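Student: My questions will all concern the structure given below.
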């Protein structure tokens, strides 16, 4: 569950997809604090990308136990983190 703030007050909360849709059609004030919404959106993107992209590479690395497979896996993790940044990183 994500929340949107305006002047320190919660003005909306709910499923991330609903809030993103509400934002896209202009339902929030221009000055609304969307940091939590953006963070939740990035976290969801990361979870999906890890499951689809980096987890299979990690399994290959664990099976082969080679430096090359580890490097490929770690590079994919960094790529995902750059694609879905968190504000505190």
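Residue numbers (this note's numbering): 153 to 241. Ideal Cβ positions, reconstructed from N, Cα and C, are used throughout, including at glycine. All values derive from a computational prediction rather than experimental measurement.
1. If you drop the 5 nearest sequence neighbours on each side, which residues of the same chain put their C-beta closer than 8 Å to that of residue 189?
2. Measure from the C-beta of residue 164 to each C-beta in chain E and report whether the shortest distance is under 7 Å.
3. Whole angstroms are fine: how far does the CA of residue 163 sit from the CA of residue 179?
4. Is it a yes or a no for the segment 196-208 touching the segment 223-230, going by three-plus beta-carbon pairs under 8 Å?
5. Count the other C-beta atoms from every protein chain shown that fall within 10 angstroms of the C-beta of residue 236, then say buried if there are 16 or more, exposed otherwise.
6. Output yes or no for whether 7 Å exceeds the beta carbon distance between residue 238 and residue 194.
7. If you follow the beta strand (DSSP E) that residue 166 is part of, which residue opens it and which one closes it?
8. Compute the Euclidean distance between the alpha carbons of residue 158 and residue 166, then round it to the nearest angstrom.
Tutor: In brief:
1. For the purposes of this step, residue 189 is taken as residue 37 along the chain shown, with counting starting at 1. For residue 189, where only same-chain residues beyond five positions count, the Cβ hits under 8 Å are 154, 155, 156, 168, 171, 172, 175.
2. Given the protein chain composition of this structure (a single chain), no chain E is represented.
3. The count along the chain shown starts at 1 and reaches residue 179 at position 27. The count along the chain shown starts at 1 and reaches residue 163 at position 11. So the alpha carbons of these two residues sit roughly 10 Å apart.
4. yes
5. The count along the chain shown starts at 1 and reaches residue 236 at position 84. Buried, because 16 or more other Cβ atoms sit within 10 Å of the Cβ of residue 236.
6. Counting from 1 along the chain shown, the entry for residue 238 is found at position 86. Counting from 1 along the chain shown, the entry for residue 194 is found at position 42. Going by C-beta atoms, residue 238 is nearer than 7 Å to residue 194.
7. By 1-based counting over the chain shown, the position of residue 166 is 14. Note, residue 166: beta strand (DSSP E), 161-166.
8. Along the chain shown, one-based indexing puts residue 158 at 6. Along the chain shown, one-based indexing puts residue 166 at 14. Approximately 15 Å, taken between the alpha carbons.
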